Structures are given as structure tokens and as C-alpha cells.
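Single-structure report; data block below.
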Amino acid sequence: MNPAPTNRPIVVAANRLPVMRTEDGWAPSPGGLVRALLPMLRDSGGTWVGWTGDPDDNAEPFTVEGVNLHPVPISAEELELYYEGFSNDALWPLYHDALRESTYSGEQWDAYMQVNQRFAVRLANISPPDAIVWIHDYQLQLVPKMLRELRSDVTIGFFLHIPFPPYELFSRLPWRTEIVEGLLGCDLLGFQRPMGTTNFITAAQQLKHVDAHHDVIENPDHRTRVGAFPISIDVDDVEAMAAGRATRQRMSQIRARLGDPEVILLGVDRLDYTKGIGLRLRAFAALLESGELDPERHVMVQVATPTREAVEHYQDERHQIERLVGEINGRYSRIGLPVIHYLYQSLPFDELIALYRAGDVMLVTPFRDGMNLVAKEYAAAHIDGDGVLVLSEFAGAADELTDAVLVNPHDDHALQRAIITAVDMHRHERRERMAGLRAQIRKSDVQGWADRFLGEMTASADARDGATG
Ligand code: GDG
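Our numbering puts the first residue of the sequence shown at 87, with every later residue one more than the last.
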């Protein structure tokens, strides 16, 4: 058991609370982040501030598994403007290489400011003296500055789960200066990759003319330390699920249902245009066409989890993918044996783990991705030591998972070659690479990530106390 990273009270803020409504009340949401942070919050008497997931929900504070939860109400109109609008139709595409045109609307920006201010006021009201306040993700980038103005005694950290774009792209944002000012309210500002750190420092220099020495930015009244904190998964949990008898049985059943193909190629993504699902389907189709893959021996499973269905870019992406799946299946399937098994569904996590185990080749081909946890989950689930990961260079995970078959997914020829390399890889090389992947993710799991971030925040808090006290 690791020692607690801090003995200060911890307050977490994220767009969503870490719970979901069930028939019997509230239960923790699935996902490694929640599993890593909840026990830590429970042990430190900590608090989580966020939205319940239901519009206009004025729920009172409540407790789940010993953690205090403070709901922040968000109205249906604000959801459309702050969440679907500014967060997911302006920031998300811009931060992912401007893969789609962003919508910039003053009305959406006003709602974004308003919701951020509501989070800041709530944090200011409930944070104990000396608290460490850890804010998450692109929906809340103004909160650090707003909170600092209300409570200069707390230590403020922020982690961005998605990429921070290069200045040439970021500078398109009409409110670029306000966003940089918002983030400069932090004592500690974390990104997934070193590239995010560099991009942010450049933006702060260009827009605010700050002095930066290595990873420390000087502000008039405080310092902001900026750094890379690559997130990970709960490796023990995934391994334990993968080792269970039910998973083994389900894995065999899945293989049989797919017609016992020689190779199962697998994709698991939210149906997001950043994830490169269409690219990989086209590469698969080209290889079937050239005869390098054979529908009798090679079958693909694509899980595309529904997401942001109210946003037009997502509706378009879904239509394109589904048309493509239809075209490829129409051309290459046989009766009872589709060549692509496409699921537009959110599956239970244990089903996902069985699929990971069944998957011989995992295709993770985003155009741009902060980290990509699917890549790490796949390696953790392969307790048999076999399986090949094809991974885009543009996923944060590529910095660490160098034993994957790394590929530039913009290069269709290279992507096809990478798939063939993975499919034809000799067993010895597969096992060697998988051992490398598994050793890497064992080195840094999500608990280690959270401990490191909170440890650095504690150091910032101690340094501040030393300076003022
Ligand atoms: C953002 C950043 C960064 C997917 N389908 C189902 C399902 N999932 C789970 C996976 C995985 C998670 O969702 C997806 O995580 P990713 O990292 O792949 O991607 P984003 O959702 O875009 O996450 C990303 C991440 O934040 C963390 O910082 O890595 O770059 O974009 O855990 O297992 N889970 C279940 N059913 C599904 O159908 N139960």
C-alpha cells in the first residue's frame, strides 16, 4: 500500500460527479479515474464537486462510499450552450488538431463563463482551509483563476485530459487570452504529454508575456508549475477481471460466435471523429480487396460507444461509419458471417475485457488523442502474453507504449502495412512486444499517476506555506 500522497484535505472538481443513478440510489461510475480517486477522497475526508448528469437537478450534497459529493446544478439551456456548445463544439475540435470546424458563439462562451463561475463559487464555499483543489478537464478551464480570486489560501491544480494544441491553432479561439488566464490561476498545471506543456507555455508567453523558467511560469502573485502527467489505468483491476473464469468462457464463446476466425481485429472507441474509426475500416477494406486479408480468416469487431449524440459532427460521423460498415459487409461478408461486427452500444466493462482477450490485433488509430486508455486496457487484459497493439503516433499513449506497432494513421499505405505487420507477426515477436507493453503499464498505473499529481501539489502547498509563514 502506498503512503498517502498528502495529509491535506482534497477537493476534486470535474464536470461530472463520479456516480450514476441506479435503482437503489447512487453507485460509483465505472472507470479507473473514479476508482483511483474515490478511496483517496474517502480516506482523507475529501469532497467531489460536479454535475449529477441530470439537467436542472438541484440535489442536495450527499455521500457515496464515504465521499462527500456536492452537486452543481446545470440547466437544460446551459447544457446546450456550455457543454454541447462551447465545450464539445468549440474546444474539443480545436484542441484535437481542428479536425472539424469549431463553432464560436458569444452566447456559448457566456454560458461557459457562467457555469465555470458557479463551480468556482461552490469550491470557494466548501473547501476547508489549506485544501488542495484538483480541477479536471477542458469544461472547467476558467475555474482556477476564478477560484484564486475568491480563495487565495487554497492550492489549485488542474489536469487537462485532452491535448493542448499548438499556438497556431489555439490562437484561433476568440477567448484564447481568457482561457490562458484561467489556467494560469493554478499552482500546478498538468498535461498528458510534454508537448501539451510546451504548447501551453508558448501560448502564455505569446498572450500574457509571462516569464517562464523551464517548467515554472512567474505570475505577479504566484507561480504556476507546468508538467506532463501521463494518465493510466487500474492495472490490477483489469488483470483480475481478465483472469476470471467467466471472462475466459466468454472469450471462447465470442471466438466461436465469430466463426472461429484465425485473427480477430478489434476496435473499441467512443464514436468520436478524433478516433480514426473510418480510417481503420477503410484500411481493412483495402486489404480485403487486395487479397492480403481474407474474410474467411480475418474478422473485425468494432465497438463504437454512443457519445455526444446531440452534436452535429457526431451525427455525421456516425452516418459515415455506418455507411462504410454497410458497404464493406455488403461486399465481403458471407451468409451468417459478417466480416465486420459493428456494435453501436455501450457494453458492460466485463464484456469489453472479454473482447480485449479475444482480440488478436487491437487497432487504436486516432488522429489525435490525449492518452487513449483503450490501448493500455488491451495490454493489461492480455495476461496470456499474446496479442498485438497497432497504435497511432498521435495518441499520448505512444510516448510510453513503444512496443506497439506505431503508425501514422494519416498515411493509408502505412496503416495497411501496420495491420499486415501485426496480423503476420511471428509468435515470438508478439510475446516479446506484449511483455514490453505490460511491463510499461505496470510501471505507472492510475494510482501512481494520482499520487504523483497530489504529491506535487502538496509540495507546492508546502513551498507556499514556507514562503508566507
Ligand atoms: C479522454 C481523452 C484520455 C469505451 N467504450 C466502452 C467503455 N469505454 C471506456 C474504455 C476506456 C474509456 O471508455 C475511453 O477512454 P479513452 O482514453 O480511450 O478515451 P476518451 O473517452 O476520449 O477519454 C483520452 C482520457 O480522457 C483519460 O484522460 O486518455 O485521450 O480523450 O476506459 O474502456 N466502457 C464500457 N463500455 C463501453 O462500451 N464499460
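Cβ atoms here follow ideal geometry from the backbone N, Cα and C, with glycine treated the same way.
Since the model is a prediction, treat every value here as computed from it, not as a measurement.
- Message: I need the straight-line Cα distance from D470 to E164, nearest angstrom please.
- Response: Here the question's residue 470 lines up with position 384 in the sequence shown. Here the question's residue 164 lines up with position 78 in the sequence shown. Each residue's Cα considered, the two are about 47 angstroms apart.
- Does DSSP put E378 in a helix, a strand or coil? For the purposes of this step, residue 378 is taken as the residue at position 292 of the sequence shown. E378 falls in the coil class under three-state DSSP.
- Outcome for T488 when other beta-carbon atoms lying within 10 angstroms are tallied against a minimum of 16: Here residue 488 refers to the residue found at position 402 when the sequence shown is read from its first residue. When all chains shown are included, T488 counts as exposed.
- Item | Candidates Q200, A440 and R528: closest to S338 by CA position | To locate residue 338, count along the sequence shown from 1; it is residue 252. S338 has its Cα closest to that of A440, out of Q200, A440 and R528.
- Task: Hey, could you find the ends of the alpha helix (DSSP H) Q388 is sitting in?
- Result: Taking the first residue of the sequence shown as position 1, residue 388 is located at position 302. Taken as a continuous stretch (DSSP letters only), Q388 belongs to no alpha helix (DSSP H), being part of the beta strand (DSSP E) at H384 to T391.
- Query: Quick one: what's got a C-beta closer than 6 angstroms to A549's C-beta in the same chain, skipping five residues either side?
  - Reply: Translated into the one-based positions of the sequence shown, residue 549 becomes position 463. So no residue of the chain qualifies.
- Task: Label M87 either buried or exposed according to how many other C-beta atoms from any shown protein chain fall within 10 Å of its C-beta, with 16 as the threshold for buried.
- Result: Mapped onto the sequence shown, residue 87 falls at position 1. For M87, the predicted structure reports a pLDDT of 46, less than 50, and the residue's modelled location is therefore unreliable. The matter cannot be settled from this model.
- C-alpha gap between E542 and W535, whole angstroms: By 1-based counting over the sequence shown, the position of residue 542 is 456. By 1-based counting over the sequence shown, the position of residue 535 is 449. Their backbone Cα atoms lie some 11 angstroms apart in a straight line.
- Roughly how many angstroms separate the alpha carbons of M199 and L228, rounded to a whole number? Working through the sequence shown from its first residue, we reach residue 199 at position 113. Working through the sequence shown from its first residue, we reach residue 228 at position 142. Cα-Cα distance, rounded: 7 angstroms.
- Per DSSP, the bridge partner or partners of F277: By 1-based counting over the sequence shown, the position of residue 277 is 191. Paired residues: A314.
- Query: How many Å lie between L124 and L177 at the Cα?
  - Reply: Here residue 124 is taken as the residue at index 38 of the sequence shown, counted from 1. Here residue 177 is taken as the residue at index 91 of the sequence shown, counted from 1. Cα to Cα, L124 sits roughly 28 angstroms from L177.
- Query: Are there 16 or more other CB atoms within 10 angstroms of the CB of I96, so buried, or fewer, so exposed?
  - Reply: Residue mapping note: residue 96 aligns to position 10 of the sequence shown, counting from 1. It is buried - the Cβ of I96 has at least 16 other Cβ atoms within 10 Å.
- Task: Identify, in the order they occur along the chain, each residue of the same chain with its Cβ nearer than 6 angstroms to the Cβ of I421, setting aside the five sequence neighbours on each side.
- Result: Within the sequence shown, the letter at position 335 stands for residue 421. Here the set comprises nothing.
- Message: Going by beta-carbon coordinates alone, are I319 and L459 separated by less than 8 angstroms?
- Response: For this step, residue 319 is matched to residue 233 along the sequence shown. For this step, residue 459 is matched to residue 373 along the sequence shown. Yes; because the gap between Cβ atoms is below 8 angstroms, this pair is in contact.
- Message: At the level of alpha carbons, what is the spacing between V425 and E395?
- Response: Residue mapping note: residue 425 aligns to position 339 of the sequence shown, counting from 1. Residue mapping note: residue 395 aligns to position 309 of the sequence shown, counting from 1. If I take the Cα positions, the gap works out to 27 angstroms.
- Message: Tell me which residues share the same chain as A314 and place their Cβ nearer than 6 angstroms to its Cβ, disregarding the 5 neighbours each side in the sequence.
- Response: Locating residue 314 in the sequence shown gives position 228, where the first residue counts as 1. If we look at A314 and ignore the five residues flanking it on each side, its Cβ neighbours are F277, R279, P280 and T283.
- Task: Label Q371 either buried or exposed according to how many other C-beta atoms from any shown protein chain fall within 10 Å of its C-beta, with 16 as the threshold for buried.
- Result: As a first step, residue 371 must be located in the sequence shown, where it is residue number 285. Per the sequence presented here, residue 371 reads as Ala, with Gln not at that position. So A371 counts as buried.
- Closest to Q388 by CA distance: which of D380, H399 and K361 is it? By 1-based counting over the sequence shown, the position of residue 388 is 302. Among D380, H399 and K361, the Cα nearest to that of Q388 belongs to K361.
- Item | T149, DSSP secondary structure in three states | Here residue 149 refers to the residue found at position 63 when the sequence shown is read from its first residue. Looking at T149 - three-state DSSP - the assignment turns out to be strand.
- Query: Between the region 288 to 307 and the region 407 to 415, are three or more C-beta pairs nearer than 8 angstroms?
  - Reply: no
- Task: Grab the span of the beta strand (DSSP E) containing W137 for me, first residue to last.
- Result: Translated into positions along the sequence shown, residue 137 becomes position 51. It spans T133 to W137 - the beta strand (DSSP E) in which W137 sits, taken as one unbroken run.
- Item | Under 8 angstroms between C-beta atoms of V158 and W137 | Along the sequence shown, one-based indexing puts residue 158 at 72. Along the sequence shown, one-based indexing puts residue 137 at 51. Yes, the pair counts as a contact, with Cβ atoms nearer than the cut-off.
- Classify S238 as buried or exposed, calling it buried when 16 or more other Cβ atoms lie within 10 Å of its own Cβ. In the sequence shown, residue 238 corresponds to position 152, counting from 1. With fewer than 16 other Cβ atoms within 10 Å, it is exposed.
- Touching by the beta-carbon criterion (3+ pairs, under 8 angstroms), the region 340 to 360 and the region 319 to 329: no
- How long is the line joining the alpha carbons of Q292 and L259, rounded to whole angstroms? Within the sequence shown, numbered from 1, the residue matching residue 292 stands at position 206. Within the sequence shown, numbered from 1, the residue matching residue 259 stands at position 173. One C-alpha to the other measures close to 14 angstroms.
- Message: I want to know whether the region 195 to 214 touches the region 368 to 385 - three or more CB-CB distances under 8 angstroms.
- Response: no
- Query: Expressed to the nearest angstrom, what Euclidean distance is found between the alpha-carbon atoms of L270 and D301?
  - Reply: The residue given as residue 270 occupies position 184 in the sequence shown. The residue given as residue 301 occupies position 215 in the sequence shown. In a straight line, the C-alpha of L270 is about 13 angstroms away from that of D301.
- Nearest-angstrom Cβ-Cβ length linking R454 and H182, presumed shorter than 8 angstroms: Position 368 of the sequence shown holds residue 454. Position 96 of the sequence shown holds residue 182. At roughly 4 angstroms, the Cβ-Cβ gap stays under 8 angstroms, so R454 and H182 are in contact.
- Query: Cβ atoms of H496 and R186: under 8 angstroms apart, would you say?
  - Reply: The residue given as residue 186 occupies position 100 in the sequence shown. The residue given as residue 496 occupies position 410 in the sequence shown. Contact flag unset, no.
- With DSSP run on the structure shown, which of helix, strand or coil describes S338? By one-based count along the sequence shown, residue 338 stands at place 252. Here S338 sits in helix by DSSP.
- Grab me the residues of M126's own chain with a C-beta within less than 8 angstroms of its C-beta, minus the 5 sequence neighbours each way, in chain order. The sequence position of residue 126 within the sequence shown is 40, counting from 1. If we look at M126 and ignore the five residues flanking it on each side, its Cβ neighbours are A90, P91, I96, G132, A536 and L540.
- Task: Check the DSSP bridge columns for Y428 and list the partner residues they point to.
- Result: For the purposes of this step, residue 428 is identified with residue 342 of the sequence shown, where counting begins at 1. Answer is Q388.
- Message: Quick check on this structure: which residue in E325, A122 and L155 has the alpha carbon closest to the alpha carbon of M106?
- Response: Walking along the sequence shown from the start, residue 106 turns up at place 20. M106 has its Cα closest to that of L155, out of E325, A122 and L155.
- How about G456 and G482: are their beta carbons less than 8 angstroms apart? Start at 1 with the first residue of the sequence shown, and residue 456 comes out as number 370. Start at 1 with the first residue of the sequence shown, and residue 482 comes out as number 396. Yes, the Cβ-Cβ distance between G456 and G482 is below 8 angstroms.
- Query: In three-state terms, what does DSSP make of M87?
  - Reply: If you number the sequence shown from 1, residue 87 lands on position 1. Here the model assigns M87 a pLDDT of 46, short of 50, so the residue's position is not dependable, and the following value carries that caveat. It is coil, neither helix nor strand.
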